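Everything below concerns the one structure shown next.
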């Protein structure tokens, strides 16, 4: 198993994440860090703290989450990885998390994608994400709660903050879709995997912690724009037929809810970002025939 994580001007958090992975038993040479065009000196600082054995790949500019992560995924798969843990760099994994995921992978009959239980870093007992199930008659997801017996849960989606993906999934459906600069590339990937016959599971007994507040503070209008854009792209791509009217209603409700919250807080920059992202998503004429950007994976790698 390899781990791939993406760094952009957060070398201290990335180093802390790497150290937690080492404490969880992952060899340093199997932790691939992709630097996504950070400021001068960031890569050198990270290398100095983590050591020369850390595989550090450099992008000359910020490619976004999906394209940046794909650089690391290609590297890991070329090294023969049987599975890859896609992981946010602003996270800390529990010492038992990796082994628990790998054991669940075997016990569940080697499913396609596994996700851990993710808690807030600044509120360690509060669950952030466990996975989502799609409503039976509606195209939108509903978050899962921790089960009383803490047994693995069959879900439709897990977050790209942390997901263990088997090599066969990449070989069958390709890598992350690079049309998604950030947000919804994980939901799209899980949906494609499920459509190809792979199972998606959440493993409550595999805990980790995400610095959610740190992520939320960074470039908020920029992030909100891509969140709104990705939302339109995802639902126009995957919700068709009788779900189409519900899809449009759901997007509308989400936009109105976000706008009302931002109005209450007087944050006009976020309102503008939400509206621009939504409108740009509809202007694209998505999906475009032959216009996807889902890089394939050679089975010979």
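Numbering (my numbering), first residue to last: 7 to 307. All C-beta atoms in this analysis are idealised placements derived from N, C-alpha and C, irrespective of residue type, glycine included. Quick caveat, the model's predicted, so the values are computed rather than measured.
#1: If you follow the alpha helix (DSSP H) that residue 214 is part of, which residue opens it and which one closes it?
#2: Does DSSP classify residue 100 as helix, strand or coil?
#3: Using the C-alpha atoms, what's the distance from residue 58 back to residue 147?
#4: With 16 other CB atoms within 10 Å as the buried threshold, where does residue 269 fall?
#5: Could you have a look at residue 137 and say whether DSSP puts it in helix, strand or coil?
#6: Report the rounded CA-to-CA distance for residue 296 versus residue 197, giving the unit in angstroms.
#7: Which partner residues of residue 8 appear in the DSSP bridge assignment?
#8: Using DSSP with H/G/I as helix, E/B as strand and the rest coil, what is residue 250?
#9: Measure the CB-CB distance between residue 99 and residue 22 and report whether it falls below 8 Å.
#10: Mapping the DSSP letters down to three states, classify residue 226 as helix, strand or coil.
#11: Taking 8 Å as the cut-off, decide whether the C-beta atoms of residue 259 and residue 169 are in contact.
#12: Have a look at residue 88 and residue 230 and give me their C-alpha separation to the nearest angstrom.
#13: Using the DSSP secondary-structure output, state which residues sit across from residue 124 in a beta bridge.
#14: From the DSSP output, read off the bridge partner residues of residue 149.
#15: Could you round the C-beta distance between residue 161 and residue 137 to whole angstroms and report it? I think they count as a contact, below 8 Å.
#16: Pick helix, strand or coil for residue 194, following the three-state DSSP scheme.
#17: Between which two residues does the alpha helix (DSSP H) holding residue 286 run?
#18: With distance defined between alpha-carbon atoms, name the residue in 119, 190, 280, 82 nearest to residue 203.
#19: Following the continuous beta strand (DSSP E) through residue 172, name the residue where it begins and the one where it ends.
With the structure as the only source:
#1: First-last for residue 214: 206-216, but that is the beta strand (DSSP E), not the alpha helix (DSSP H).
#2: Coil, per DSSP.
#3: Their Cα atoms are separated by approximately 42 Å.
#4: So residue 269 counts as exposed.
#5: Note: residue 137 maps to coil in three-state DSSP.
#6: Low per-residue confidence applies at residue 296: pLDDT is 39, beneath 50, and the placement is therefore not dependable enough to give any value.
#7: Checking the DSSP bridge columns, you'll see residue 8 partnered with 90.
#8: Collapsing the DSSP output to three states places residue 250 in a helix.
#9: For the 8 Å CB-CB criterion, residue 99 and residue 22 do not form a contact.
#10: Correct three-state label for residue 226: helix.
#11: Contact: no.
#12: Within the model, the alpha-carbon separation for residue 88 versus residue 230 is close to 35 Å.
#13: Paired residue(s): 135, 214.
#14: In the DSSP assignment, residue 149 forms a beta bridge with 138.
#15: Sure, about 4 Å apart at Cβ, within 8 Å.
#16: It is helical.
#17: Start and end: 274-289.
#18: Checking every option, the nearest Cα to that of residue 203 belongs to 119.
#19: Taken as a continuous stretch (DSSP letters only), the beta strand (DSSP E) holding residue 172 covers 168-172.
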